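Encoded as structure tokens, the structure appears first; notes follow it.
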Amino acid sequence: MTLSTRLTPAELKAIESPVTAAAIKLRLGAVDDELRETLAAVINVAYYICKSTQRHAHLLPEIMRASDAALAGYNDVDALDGALEIYRALIRTTPRKAIHKAINRAYGENS
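Residues in the sequence shown are numbered from 254 upward in steps of one, following the numbering used here.
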């Protein structure tokens, strides 16, 4: 695939900055509304990327583990951190169009 089908370095940096901050907050135990919102977005988008992209389907159990951890009170740091790592890998390896569709699905918009 050509570079244009992937996110640009600037787009990746913009997307990864809040994810990196969330990972740090999570490891420090500084759970706040911003962290919860970031984790919810990461889990939702990762879920829809994995659900719609066959080569990523094997990651669904880890995403669901993170979802369960979030619903249970954010205590399973390893599961949540795993979702952040999976998300980082997904946005680097998934075509822009698939990411866009996953975001639309995660937020209930038609793609």
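Heads up, the beta-carbon is just placed ideally off N, CA and C, and yes, glycines get one too. The model shown is predicted, which means the values in this text are computed figures rather than measured ones.
Its chain contains R341 as the residues whose beta carbon lies nearer than 7 angstroms to that of E269, once the 5 sequence neighbours on both sides are disregarded; these appear in chain order. Rounded to the nearest whole angstrom, the C-alpha separation of K278 and V284 is 7 angstroms. Each residue's CA atom was taken as its position, placing D286 and V330 some 16 angstroms apart.
If you ignore the 5 residues before and after L337, its C-beta comes within less than 7 angstroms of the C-beta of V272, A275, A276 and V295, all in its own chain and listed in chain order.
The stretch 295-313 makes contact with the stretch 341-355: 3 or more CB pairs, one atom from each, lie closer than 8 angstroms. For A283, no alpha helix (DSSP H) encloses it, and the DSSP letter there is neither H nor E. The criterion of a C-beta distance shorter than 9 angstroms is not satisfied by A325 and G335. Taking the C-beta atoms as reference points, Y327 is found no nearer than 9 angstroms to L281.
A straight-line Cα-Cα distance of about 20 angstroms links I344 and G361. In this chain, N328 is not harboured by any alpha helix (DSSP H), its DSSP state being neither H nor E.
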